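Asker: Can you keep this structure in mind? I'll have questions shortly.
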Amino acid sequence: MKLLLGFIFSVLICLCLTSCAGIFRTTYYITETDGWKKLKPCSEGGITYTYDVTPDTIMLNVRGPGTSAITVGPIFFPFAFPTCLQFWAKEESKLIVAATLYMNLPCTIYPQSIRFTDNEGHMMTPTMIECLDMVHKQDITKLDSTAIVQGIKTSGAIRLRWHFRGKQARKKEFCVLIDTPAINGKDGKPLLIWFRRKTEYEYIPFFGH
């Protein structure tokens, strides 16, 4: 009797191990807007696009929540392990847009000159804006209202990061409108790029069958 119970228990353990798996969700953003080129590879995560505004360059990097687990556990063995024992990983709603501007001539960058609009035409307001002077390698600083209004003087490369959370980070589509900085008293043409969110699902078994 003990041998029989041991055999049955061993079979159940093997079935459990072979059925353990995870379903993972990956969220990222793509664009098909003319004039922007996709860069490969991307060292920052997400997808980076670049636009040449003679004689300067603007790069945009858009990062969503990335990869997260939806369910982890014995997915195909519910009669022994109920679905209530599976884990639900809640995805944090966050969106980060980083703009790197390479300027050959001194100019002033105004953060409000880069605007975000969702697919319903509503303006998107970031919860935080960060700035990094890539020439002097200073620490990342959070911009207050004064710095946003007065602008940021630069003569090389500067990076701005906008953080969105909550409902604004869950928008399926949004666009970025960039007023290129005035150089030698001349304004460049506004740049527009649309981003569309894509989601992919992947099943990964933890043990080989």
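Heads up: the sequence shown begins at 248 in the working numbering, then just goes up one per residue.
Quick reminder that beta carbons are idealized off the backbone N, C-alpha and C, glycines included.
Predicted model only: the values in this text are computed from it and were never measured.
Would you kindly work out how many angstroms separate the C-alpha atoms of Ser246 and Tyr276, rounded to a whole number?
Answerer: The structure shown has nothing for residue 246, since the chain only spans 248 to 456.
Asker: Can you list, in chain order, the residues of its chain whose CB lies under 6 Å from that of Thr273, leaving out five sequence neighbours each side?
Answerer: Thr314 and Glu447
Asker: If you follow the alpha helix (DSSP H) that Thr347 is in, where does it begin and where does it stop?
Answerer: Note, Thr347: premise wrong, no alpha helix (DSSP H); beta strand (DSSP E) at Lys341 to Tyr349.
Asker: With distances taken between CB atoms, is the gap from Gly282 to Tyr298 smaller than 8 Å?
Answerer: yes
Asker: Would you mind giving the Cβ-Cβ distance between Glu420 and Asn351, rounded to the nearest angstrom? I have them listed as a contact below 8 Å.
Answerer: Not quite, the Cβ-Cβ distance comes to about 33 Å (not below 8 Å), so this is no contact.
Asker: In three-state DSSP terms, what is Thr446?
Answerer: strand
Asker: Using the C-alpha atoms, what's the distance from Phe411 back to Ile376?
Answerer: 9 Å
Asker: Which of the three DSSP states, helix, strand or coil, is assigned to Pro302?
Answerer: coil
Asker: For the candidate residues Cys378, Ile356 and Thr347, whose alpha-carbon lies nearest to that of Thr304?
Answerer: Thr347
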